[in-house]
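Chemist: I'd like to ask you about the structure that follows.
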Amino acid sequence: MEVRYATNPAATKTYDSETLRSEFLIENLFVPGQLNLVYSHVDRFITGGVIPTAEPIKLEADKREMGADFFLERREIGIINVGPKGSVTVDGTEYELDTKDGLYIGLGNKEVIFKSADAANPARFYLSSTPAHKNYPTVKIALSEAESEHLGSITSSNERVIHRYIHLNGVQSCQLVMGMTLLKPGNMWNTMPCHTHNRRSEVYFYFDMPEDGLVFHLMGEPSETRHLVVRNEQAVISPSWSIHSGVGTNNYTFIWAMAGENQVFHDMDMVAPKDLR
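Shown next as structure tokens:
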């Protein structure tokens, strides 16, 4: 498990591109036959990716970093399959996940096993985990069952559909809020006008991008913006004080996960474009 420590805005505005990437960008989540995890001290997020091939892969706790006997001893987790069909078995109960289906698993579940339906065409499970204080039921969320909202327009290049999987009006959790945004063809901007939410942090995971596609992810304080060049299946850790917006070379999809003081999706401190620097 890789560990990332939290940083502050005063230090961040002095970073060069290499330092920004090493602090905030997660580049190599998906490796066939492996489970890769990054532990961030920003709201204690754990972000991960797993591609089970010939053999199933079990979710294990890193005892040194987590101080736990099993991964969900004091945590909850949200999972979205961004690849072909697969399944997640939770304490003996199997949940089949098609492309873009999600799964919430609550605190206290001891065994989580990932498996692909076809080892030659494996599933790709994206994971986001946060600390938890009580157990909520394990729930599968099919893409068709997620709460959906159509936003934006082609004239501002941000027509998109937001799918909310884990949220106050849907699948319940202790603090994790998780969903997915799909940009329509011909649209490249996300979360613009942008915002911050000093009461919670966020992790963005970009995918459904062509091999030569990229996103310029905007971050930093509104008066001290920076950017990260992000490619397919890479994630960005976004501290509470940072904007989190971006523009791509083509349309793309991203998964967002939030944690912090509350779970109110629309609790945002909006930033007018004229105030960005």
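When you read off a place in the sequence shown, starting at 1, and then add 1367, the result is the number in the working numbering.
For each residue, glycine too, the CB sits at the ideal point set by N, CA and C.
No experiment lies behind these values; they were computed from the predicted model shown.
So, at 6 Å on beta carbons, what are the nonlocal neighbours of P1376 in its own chain, with the 5 sequence-adjacent residues on each side left out?
Modeler: E1588, W1608
Chemist: Could I get the ranges of all uninterrupted beta strand (DSSP E) runs contained in the stretch 1514-1570, with 3 residues as the minimum, in chain order?
Modeler: 1514-1518, 1527-1533, 1544-1550
Chemist: Let me make sure I understand the geometry here. Which of K1380, L1402, H1594 has the alpha-carbon closest to that of V1614?
Modeler: H1594
Chemist: Are the stretch 1616-1631 and the stretch 1563-1580 touching by the rule of at least three beta carbon pairs closer than 8 Å?
Modeler: yes
Chemist: Can you tell me the Cα-Cα spacing of C1561 and P1640, whole angstroms?
Modeler: 8 Å
Chemist: Is the separation between the beta-carbon of I1447 and that of Y1503 shorter than 9 Å?
Modeler: Result no, Cβ atoms of I1447 and Y1503 do not sit closer than 9 Å.
Chemist: DSSP puts L1392 in a beta bridge; with which residues?
Modeler: V1603
Chemist: Measure the Cβ-Cβ separation of E1463 and K1452 and say whether it is below 9 Å.
Modeler: yes
Chemist: Check each candidate in F1391, T1379, M1368 and name the one with the smallest Cα separation from V1596.
Modeler: F1391
Chemist: I'd like to check one pair, V1570 with I1610: are the Cβ atoms closer than 9 Å?
Modeler: no
Chemist: Nearest to A1378 by CA position, among T1548, T1592, E1512, I1521, is which residue?
Modeler: T1592
Chemist: Taking only three categories from DSSP, how would you classify P1640?
Modeler: helix
Chemist: Between A1509, L1543, L1387, P1399, which has its C-alpha nearest P1489's C-alpha?
Modeler: Taking the Cα of P1489 as reference, the smallest distance to any Cα among A1509, L1543, L1387, P1399 is reached at P1399.
Chemist: Can you list, in chain order, the residues of its chain with a C-beta nearer than 6 Å to that of Y1694? Leave out the 5 residues immediately preceding and following it.
Modeler: Here the chain covers residues 1368 to 1644 and nothing more, so residue 1694 does not appear.
Chemist: Once the 5 residues before and after H1584 are set aside, which same chain residues still bring their CB inside 6 Å of it?
Modeler: L1595, V1597, V1603, G1613
Chemist: According to DSSP, is K1477 part of a helix, a strand, or is it coil?
Modeler: coil
Chemist: With a 10 Å radius around its C-beta and 16 neighbouring C-beta atoms as the bar for buried, classify V1544 as buried or exposed.
Modeler: buried
Chemist: Would you report the Cα separation of G1553 and G1546, rounded to the nearest angstrom?
Modeler: Going by the C-alpha atoms only, they are around 22 Å apart.
Chemist: Apart from the five residues on each side of it in sequence, which residues of its chain come closer than 6 Å, Cβ to Cβ, to I1472?
Modeler: If we look at I1472 and ignore the five residues flanking it on each side, its Cβ neighbours are I1444, V1457, T1505.
Chemist: Let me check understanding here. Comparing Cα to Cα, which of A1513, L1581, L1470 lies closest to T1616?
Modeler: L1581
Chemist: Suppose only complete runs of 4+ residues qualify. What are the alpha helix (DSSP H) ranges in the stretch 1411-1466, listed by chain order?
Modeler: 1430-1433
Chemist: DSSP three-state label for S1590, please.
Modeler: coil
Chemist: Report yes or no: do the stretch 1509-1521 and the stretch 1426-1433 share at least 3 C-beta pairs separated by less than 8 Å?
Modeler: no
Chemist: Residues in its own chain within less than 6 Å of N1557 by CB, not counting five upstream and five downstream?
Modeler: G1613
Chemist: Can you tell me whether I1521 is buried or exposed? The criterion is at least 16 other CB atoms within 10 Å of its CB, across all chains shown.
Modeler: Taking every protein chain shown into account, the CB of I1521 has fewer than 16 other CB atoms within 10 angstroms, so this residue is exposed.
Chemist: From N1395 to S1523, what distance separates their C-alpha atoms?
Modeler: 32 Å
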